[in-house]
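Asks: There's a structure below that I have some questions on.
Structure (structure tokens):
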């Protein structure tokens, strides 16, 4: 399946301890180039995320941004009941030694070190949630790249159809073009026949026909078109292979242009080069 390198994905999740959100953007690039933006307390995830990207994607500049907003309620007040009882018992025993008894102040007890417990956020839980959410965002990114890849493949196939039509047109025209060239040359040489050897004339006509023969180029163009169609159906990264095939198609189009002996074939060669360049531009976005 053809996949584009351009896509965007966003995933959010709400938990009792806070919220997480991932944004992943990818654009075309010659190699895989990940850029990670993580909160300081989640930097430990970087190695895992890079490995995940390496196993999932082959090419593209990929920007991954994680946002984490902890809930204020996470810092709730929790009393250490057992310790508080010990403090109260100690305070009551001290009161028995005192001449004046004063009631215990609950607020003062709360200020006593150790009575209040800090509830700390379980960062392992946050990290696991961030990993799971990243997997979902990455799946969305792949779906987006796949959808755009299908559109790119359709555009390329349309241009391949046009190339095949042009090749068929040139094939159809070439016998008549060569015959017209032969007739024109014969006409120009008619008055010089007495001075020129008939065999030499035929030799020159054959040489012109040989130089103008583009059957080989037409065959290679057809072969390359078939190969591009085959590659578009393959799984995995295909962008570099397609880029190479564009170079080969362009080479044949240039050869056709150089062998052109009439304006119509020159125009066909120009149209071929335009179509190939359009495909090449689209292929720059294919993984």
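In full-length UniProt numbering, the protein residues as written are 1 to 287. Glycine residues also receive a C-beta, built at the ideal position from the N, C-alpha and C atoms. It should be emphasised that the depicted structure is a prediction, and the values quoted were computed from it without experimental measurement.
1. Specify, as a first and last residue, the run of the beta strand (DSSP E) that residue 63 falls within.
2. Under 8 Å, do residue 159 and residue 278 count as touching if we go by C-beta distance?
3. Can the beta-carbon of residue 1 be found less than 8 Å from the beta-carbon of residue 287?
4. Under the rule that 16 or more other beta-carbon atoms within 10 Å means buried, what is residue 11, buried or exposed?
5. Report the residue from 34, 70, 106 whose alpha carbon sits nearest the alpha carbon of residue 61.
6. Mind checking residue 223: buried by the 16 CB within 10 Å criterion, or exposed?
7. Starting from residue 258, trace the beta strand (DSSP E) both ways and give me its first and last residue.
8. Does the structure place the stretch 118–128 close enough to the stretch 139–151 that three or more beta carbon pairs sit under 8 Å?
9. At which residues does the beta strand (DSSP E) containing residue 37 begin and terminate?
10. Quick check: what's the CA-CA separation for residue 230 versus residue 157?
11. Going by the DSSP bridge assignment, what does residue 11 pair with across the sheet?
12. Just verifying my parser: in three-state terms, what is the DSSP assignment at residue 274?
13. Given a threshold of 16 other Cβ atoms within 10 Å of its Cβ, counted over all protein chains shown, does residue 216 qualify as buried or as exposed?
14. Please classify residue 228: does DSSP put it in a helix, a strand, or coil?
15. Give the C-beta separation of residue 49 and residue 64 to the nearest angstrom, bearing in mind that I take them to be a contact with Cβ-Cβ under 8 Å.
16. At a cut-off of 7 Å, is residue 176 close to the ligand ATP when judged by its beta-carbon and the heavy atoms of the ligand?
17. On a Cα-Cα basis, can you pick out the residue from 71, 111, 247, 133 that is closest to residue 88?
18. Looking at the unbroken alpha helix (DSSP H) that takes in residue 55, where does it start and where does it end?
19. Counting C-beta neighbours from all protein chains within 10 Å, is the total for residue 246 16 or more, i.e. buried, or is it exposed?
20. Confirm, please, whether the CB-CB distance from residue 103 to residue 66 is below 8 Å.
21. With a cut-off of 8 Å, does the C-beta of residue 223 fall near any C-beta of chain B?
22. Assign residue 260 to buried or exposed, taking buried as 16 or more other Cβ atoms, counted over all protein chains shown, within 10 Å of its Cβ.
23. Please determine, among 113, 280, 254, the residue with the shortest C-alpha to C-alpha distance to residue 270.
24. Rank 251, 262, 242 by C-alpha distance to the C-alpha of residue 284 and give the top, closest one.
25. DSSP state of residue 27, grouped into three classes?
26. Could you pull out every residue in the same chain whose Cβ sits closer than 7 Å to the Cβ of residue 282, ignoring the five residues on either side in sequence?
27. On the DSSP bridge assignment, give the partners of residue 4 in chain order.
28. Going by the CB atoms, is the gap between residue 133 and residue 17 shorter than 8 Å?
29. On the premise that residue 59 lies in contact with residue 83, defined as a C-beta separation below 8 Å, what is that separation, rounded to the nearest angstrom?
Replies: According to the structure shown:
1. Note, residue 63: beta strand (DSSP E), 60–70.
2. yes
3. no
4. buried
5. 34
6. exposed
7. DSSP places residue 258 in no beta strand (DSSP E) but in the uninterrupted alpha helix (DSSP H) bounded by 239–259.
8. In short, these stretches do not touch, since the Cβ pair count stays below three.
9. 32–37
10. 11 Å
11. Answer is 22.
12. helix
13. exposed
14. helix
15. 6 Å
16. With respect to the ligand ATP, the structure offers nothing, as it holds no ligand at all.
17. 111
18. 46–56
19. The residue in question, residue 246, is buried, as its Cβ has 16 or more Cβ neighbours within 10 Å.
20. Not closer than 8 Å, so no.
21. No chain B appears in this structure, which consists of one protein chain only.
22. Classification of residue 260: buried, given that the 10 Å Cβ count is 16 or more.
23. 254
24. 242
25. It is a strand residue.
26. 152, 155, 156
27. 286
28. no
29. With 8 Å as the limit, residue 83 and residue 59 do not qualify as a contact, their Cβ atoms being about 59 Å apart.
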